[in-house]
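Peer 1: Below is a structure I'd like to ask you about.
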Amino acid sequence: MDAGPYVLPHGMLRSALLAALRQARNPRRPRARGTDRRGQIPNMTPMTERPAEVATRTVPGHWEGDLIKGARSGLAVETLVERTTRLVILARMERTDARSAREGFTKKLRHVPAFLRKTLTYDRGKEVAEHKRLAERLAIQIFFADPYRPWQRGTNENTNGLLRQYLPNGRTCRSIRSGS
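In our numbering, the protein residues as written are 3 to 182.
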């Protein structure tokens, strides 16, 4: 049995194939995601329990929220986007802890009429660990998107992408005034 010209020394075929890749190196392998050692947010209501009218965007009062963090600083900007009208509310935060987020959301959303505060959909960030207190204060239902599913809050993710034009990652959030 003749193997012919296809016999190469051990490892030579692999290096020849790697050289043909655009980067000429091993393909990147995703790292294994470890378990979050900071604990889970208690009493999360999953997005599957959210009312069906939220998906239709016909009734105003359904919000999506997120946090845009500044580079190398503890400052951040909370973003709230109403799904129907696309109204955007921004709040500057000095810290990104749960208490600061709750106070910031409460301060901004309490000026919104109660009939326009029905639901708030958020990711599973630790900054909304006090979601029960926020829900009680504002009489709003809070739902959480599934992990690693940003498209479930697409309006907010798109808005954050547009805001990054004015708040690029290398810039700190210090130049943002609270009242603006």
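Think of the CB as a built atom: it goes at the ideal place given N, C-alpha and C, for glycine as much as any other residue.
The model shown is predicted, which means the values in this text are computed figures rather than measured ones.
Below 7 Å between beta carbons: does that hold for residue 154 and residue 49?
Peer 2: Translated into positions along the sequence shown, residue 154 becomes position 152. Translated into positions along the sequence shown, residue 49 becomes position 47. Cβ atoms of residue 154 and residue 49: closer than 7 Å.
Peer 1: Should residue 66 go down as buried or exposed, given a rule of 16 or more other Cβ atoms within 10 Å for buried?
Peer 2: Looking up residue 66 in the sequence shown gives position 64. Classification for residue 66: buried.
Peer 1: Provide the residue span of the alpha helix (DSSP H) that contains residue 140, from first to last.
Peer 2: Against the sequence shown, residue 140 aligns to sequence position 138. Unbroken alpha helix (DSSP H) run through residue 140: 133 to 140.
Peer 1: With H, G and I counted as helix, E and B as strand and the rest as coil, what does DSSP make of residue 96?
Peer 2: To locate residue 96, count along the sequence shown from 1; it is residue 94. In the structure shown, residue 96 sits in coil (DSSP, three-state: anything other than H, G, I, E or B).
Peer 1: Are there three or more Cβ pairs, one per stretch, closer than 8 Å when the segment 101 to 111 is compared with the segment 70 to 85?
Peer 2: Cβ pair count under 8 Å is three or more, so yes.
Peer 1: Per DSSP, which one or two residues make a beta bridge with residue 150?
Peer 2: Here the question's residue 150 lines up with position 148 in the sequence shown. DSSP output for residue 150 lists no bridge partner at all.
Peer 1: Between 95, 167, 19, 135, which has its C-alpha nearest residue 68's C-alpha?
Peer 2: Position 66 of the sequence shown, counting from 1, holds the residue named residue 68. Of the candidates 95, 167, 19, 135, the one whose C-alpha sits nearest the C-alpha of residue 68 is 95.
Peer 1: When we look at the beta-carbon of residue 13 and count the other beta-carbons within 10 Å, is it buried (16 or more) or exposed?
Peer 2: One-based indexing of the sequence shown puts residue 13 at position 11. Classification for residue 13: exposed.
Peer 1: Give me the DSSP bridge partner(s) of residue 118.
Peer 2: Sequence index remark: in the sequence shown, residue 118 carries index 116 (1-based). DSSP, once it has assigned bridges, lists no residue as partnering residue 118.
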